[in-house]
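Engineer: Numbering (full-length UniProt numbering), first residue to last: 1 to 829.
So, in structure tokens, the structure goes:
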């Protein structure tokens with residue numbers, strides 16, 4: 001036995017001696033450490049690494065003093081292995097008196113000349129290369145391949161391919177010395193989705209609530225937007241969400257004890273969880289300490305937690321403002337609205353008895369902060385003063401969180417910035433109780449070029465339009481400001497031409513200044529329009545008959561502070577002249593008609609993004625256009641049947657009422673959005689014998705016929721042909737009353753910068769009536785369908801919808817309307 005132990009000891013001693021000799025040779029391992037001067041440092045030739053660069057990285061310098069045996073040699077040895085470039089490392093020493101020469105002998109790993117993937121498409125191959133950070137001429141090591149296989153497996157696990165098989169083979173590269181071609185052989189298998197989520201141990205908290213709290217771990221169901229692929233990282237976060245949900249139901253000590261995944265079949269997996277609820281707790285006494293700005297009653301009113309309420313840590317933190325959206329009301333917002341930015345709120349919980357929680361909320365209010373400097377970052381076209389005039393946060397004023405968020409909404413409503421990038425950032429200066437505010441955003445271009453065509457009046461109408469949404473009139477005569485037009489003042493200029501050749505031509509122009517005078521948000525809008533229709537059907541033909549329209553108007557708008565800052569009011573006046581010569585398609589052939597109308601409108605708009613993809617808020621407006629009651633003041637007897645139509649309609653009179661209401665509700669992750677809209681219109685008269693032959697409504701289709709001669713207003717209703725729901729009687733086709741109701745579900749597929757693509761599904765109903773007495777609110781033409789909207793810079797909003805009309809457009813129609821396609825450009829159907 002003693003001989004056996006001796007043999008084993010000598011064998012181990014030999015092995016250790018050989019291993020040590022790889023580091024240091026030609027020296028007596030039993031000698032005492034002493035200092036030597038480093039002489040020459042040499043290395044064998046290498047293929048892929050320059051040896052001088054390698055030597056310089058070892059922290060060994062010729063002429064330096066070195067302790068042998070000592071840490072420097074061992075450190076150099078470790079550094080070489082850590083590079084993972086070598087399969088063998090040796091360091092030899094040769095002593096010459098007080099000098100030592102160091103030789104480094106290395107054997108390089110083979111390199112990877114090429115990475116190949118078999119069994120996957122090109123797009124996944126590209127993503128894998130980026131995820132694994134693969135490069136050519138990487139050193140081949142077992143560690144590298146183990147890491148790459150793990151990353152590939154993680155990649156396909158995230159995509160739901162949990163049964164993916166990954167292998168690799170090595171192929172010698174004959175074109176390069178000591179190089180491999182690595183072939184990854186990947187068999188993804190079938191995508192596996194979650195079919196079942198099993199929760200055990202929850203005797204009181206409903207399983208449905210726990211599962212719903214796990215936002216990114218969902219089983220297959222009717223929600224087509226829910227993620228049903230299993231993702232390890234997201235599942236770990238969802239387990240925390242499940243615990244927080246149980247805490248919110250009063251089970252303060254609830255935990256997830258165990259979890260696992262089980263395979264149901266080759267395409268479905270299940271998730272199993274075991275939880276422990278623990279005791280259910282209730283709030284008892286809530287005390288405030290350190291508050292002087294607000295009383296206990298004021299703070300309790302904001303907290304909205306009473307004695308006896310079920311314990312809910314999430315609600316407590318949310319209402320205190322420690323974990324809440326800055327838009328939501330909380331105790332923190334109460335203080336931030338009064339400039340207290342250095343406040344501290346710390347809730348201390350104490351268990352009392354078996355099931356009660358006392359909460360002591362300790363506060364340090366600090367001092368009030370005033371706004372010092374306000375800066376902008378990201379505006380390259382819009383002038384600073386144009387942005388600054390929209391601010392509610394002015395230097396010198398007390399800081400207010402509510403005014404900061406109101407400024408955010410004003411910047412969003414300008415239409416010059418990508419709403420998702422607007423970031424108001426308060427930067428407190430605690431040494432002098434001031435706060436700087438930096439508004440960051442990314443500008444978008446809402447200028448539009450319209451090139452479109454439509455069918456109306458039995459003819460094709462081509463349209464060319466330009467819309468400049470950030471115009472600057474004051475720079476018009478500055479040549480250097482034309483890039484490609486003078487911009488920066490948020491003014492809007494629109495120009496549009498419509499024509500089908502010689503038969504029909506129309507021109508319109510409008511200009512809006514949102515800040516008339518630049519001091520107050522009072523807007524000025526002016527517009528002009530003109531159209532002409534004739535019997536010149538072919539090029540070169542001289543028109544002998546025509547109908548022309550010329551009109552202009554001006555309006556003033558004002559923002560209101562009551563009932564809240566979202567209200568606006570506008571008033572204006574418009575005038576239109578209609579002229580006919582030998583025109584056979586109207587009530588009289590020769591003469592003219594004129595209108596002068598007062599236009600009034602009041603509205604409230606709180607939509608977060610009115611120009612592209614709104615997710616919340618509402619937009620409600622009521623408008624009235626009314627002319628003077630000429631029939632009541634001119635002394636004419638319009639009941640006289642002998643009166644000529646030209647005399648009867650020399651001055652047009654009417655009162656026109658419109659209601660337009662929209663609501664937006666975020667449903668899922670603030671992407672899926674429900675939009676509900678109601679539209680009503682009524683064209684009234686003062687005298688039944690002098691009803692206006694103009695200004696009526698044309699309902700049905702996409703509402704974009706491009707043809708408008710008699711001052712009518714087009715109202716789209718998908719699932720039906722253009723104008724098919726409009727009643728006809730005598731001369732002219734228009735309705736005096738219409739109603740329309742829409743519900744849309746929207747989801748964005750692409751939302752990057754100025755580009756937006758979203759899909760929608762809609763339900764729509766509406767109808768049009770010739771007279772007020774014919775109006776039946778429940779006599780509606782119904783439709784449903786789907787569509788896509790694409791917002792592109794310059795082109796604006798483009799849309800295509802497929803709608804199915806479930807009813808007959810008119811009683812005389814043989815069949816229901818059925819399938820219809822609709823196209824839209826820049827308009828809201």
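Cβ atoms here follow ideal geometry from the backbone N, Cα and C, with glycine treated the same way.
Report yes if the CB atom of residue 744 is closer than 9 angstroms to the CB atom of residue 817, and no otherwise.
Structural biologist: no
Engineer: Which value, in whole angstroms, describes the spacing of the CA atoms of residue 168 and residue 134?
Structural biologist: Spanning the two alpha carbons is a distance of roughly 15 angstroms.
Engineer: Going residue by residue through the region 191-259, where are the continuous alpha helix (DSSP H) segments of at least 4 residues, counting only ones entirely within it?
Structural biologist: 207-213 and 232-248
Engineer: Tell me whether the beta-carbon of residue 529 lies closer than 9 angstroms to the beta-carbon of residue 556.
Structural biologist: Taking 9 angstroms as the Cβ cut-off, residue 529 and residue 556 do not qualify as a contacting pair.
Engineer: Just verifying my parser: in three-state terms, what is the DSSP assignment at residue 444?
Structural biologist: Correct three-state label for residue 444: coil.
Engineer: Pair every Cβ in the region 196-204 with every Cβ in the region 123-142, then say whether three or more of these pairs are closer than 8 angstroms.
Structural biologist: no
Engineer: Within the same chain, show all residues whose beta-carbon is closer than 7 angstroms to that of residue 294, passing over the 5 residues directly before and after it, in chain order.
Structural biologist: If you ignore the 5 residues before and after residue 294, its C-beta comes within less than 7 angstroms of the C-beta of 334, all in its own chain and listed in chain order.
Engineer: Along the chain, where does the beta strand (DSSP E) that runs through residue 411 open and close?
Structural biologist: Careful: residue 411 lies outside any beta strand (DSSP E), inside the alpha helix (DSSP H) at 401-414.
Engineer: For the alpha helix (DSSP H) that residue 645 lies in, which residues bound it at each end?
Structural biologist: 645-648
Engineer: Which residue from 750, 642 and 658 puts its Cα closest to that of residue 671?
Structural biologist: Its Cα nearest to that of residue 671, the residue 750 stands out among 750, 642 and 658.
Engineer: Assess contact between the region 265-272 and the region 340-353, defined as three or more Cβ pairs (one per stretch) separated by less than 8 angstroms. Is contact present?
Structural biologist: no
Engineer: What does DSSP give as the partner residues of residue 772 in its beta bridges?
Structural biologist: Per DSSP, none; premise fails for residue 772.
Engineer: What three-state label does DSSP hand residue 569 in the structure shown?
Structural biologist: strand
Engineer: From 515, 664, 538 and 553, pick the residue whose C-alpha is nearest to that of residue 527; which is it?
Structural biologist: 553
Engineer: Would you kindly work out how many angstroms separate the C-alpha atoms of residue 104 and residue 81, rounded to a whole number?
Structural biologist: 12 angstroms
Engineer: Within its chain, find whatever has a CB closer than 6 angstroms to the CB of residue 217; leave out the 5 residues flanking it on each side and keep chain order.
Structural biologist: 235 and 238
Engineer: Look up residue 629 in the DSSP assignment and say whether it is helix, strand or coil.
Structural biologist: coil
Engineer: Less than 7 angstroms between C-beta atoms, sequence neighbours within five positions excluded: which residues of the same chain meet that for residue 469?
Structural biologist: 415, 446, 447 and 492
Engineer: Roughly how many angstroms lie between the CA atoms of residue 367 and residue 290, to the nearest whole one?
Structural biologist: CA-CA distance, residue 367 to residue 290, rounds to 13 angstroms.
Engineer: Quick one: what does DSSP say residue 479 is sitting in, helix, strand or coil?
Structural biologist: In the three-state DSSP reduction, residue 479 falls in the helix class (H, G or I).
Engineer: Could you say which of 570, 551, 164 and 549 lies nearest to residue 559 if we only look at CA atoms?
Structural biologist: 570
Engineer: Taking just the CA atoms, how far does residue 424 sit from residue 405?
Structural biologist: Straight-line measurement puts the Cα of residue 424 at about 8 angstroms from the Cα of residue 405.
Engineer: Note the first and the last residue of the continuous beta strand (DSSP E) segment covering residue 322.
Structural biologist: That residue, residue 322, is in no beta strand (DSSP E); it is neither H nor E in DSSP.
Engineer: Out of 689, 681, 551 and 116, state which residue places its alpha-carbon closest to the alpha-carbon of residue 696.
Structural biologist: Ranking the options by Cα distance to residue 696, first place goes to 681.
Engineer: Mind the definition here: the region 391-407 touches the region 369-383 only if three or more C-beta pairs lie below 8 angstroms; say whether that holds.
Structural biologist: Output reads yes: the region 369-383 touches the region 391-407.
Engineer: So, using beta-carbon positions, are residue 100 and residue 39 closer together than 9 angstroms?
Structural biologist: yes
Engineer: Beta carbon of residue 770, beta carbon of residue 811: below 9 angstroms?
Structural biologist: no
Engineer: Tell me which residues share the same chain as residue 433 and place their Cβ nearer than 6 angstroms to its Cβ, disregarding the 5 neighbours each side in the sequence.
Structural biologist: 367 and 369
Engineer: Can you round the beta-carbon distance between residue 362 and residue 348 to whole angstroms, since I take them to be within the 8 angstroms contact cut?
Structural biologist: 6 angstroms
Engineer: Could you give the first and the last residue of the continuous beta strand (DSSP E) run that contains residue 81?
Structural biologist: Run containing residue 81: none in the beta strand (DSSP E); it sits in the alpha helix (DSSP H), 71-82.
Engineer: My output table needs one value for residue 293: the three-state DSSP class, helix, strand or coil.
Structural biologist: Residue 293 falls in the coil class under three-state DSSP.
Engineer: Quickly, what does DSSP pair residue 117 with across the bridge? List them, please.
Structural biologist: Partner(s): 184.
Engineer: Assuming residue 185 and residue 119 are in contact, meaning their beta carbons sit under 8 angstroms apart, how far apart are those beta carbons, in whole angstroms?
Structural biologist: 6 angstroms
Engineer: Three-state secondary structure (DSSP) at residue 767?
Structural biologist: strand
Engineer: Give a yes or no on whether the C-beta atoms belonging to residue 700 and residue 764 are separated by under 9 angstroms.
Structural biologist: Not a contact, by the Cβ cut-off of 9 angstroms.
Engineer: Return the CA-CA distance between residue 487 and residue 807, expressed in angstroms with no decimal places.
Structural biologist: Roughly 49 angstroms separates the two Cα atoms.
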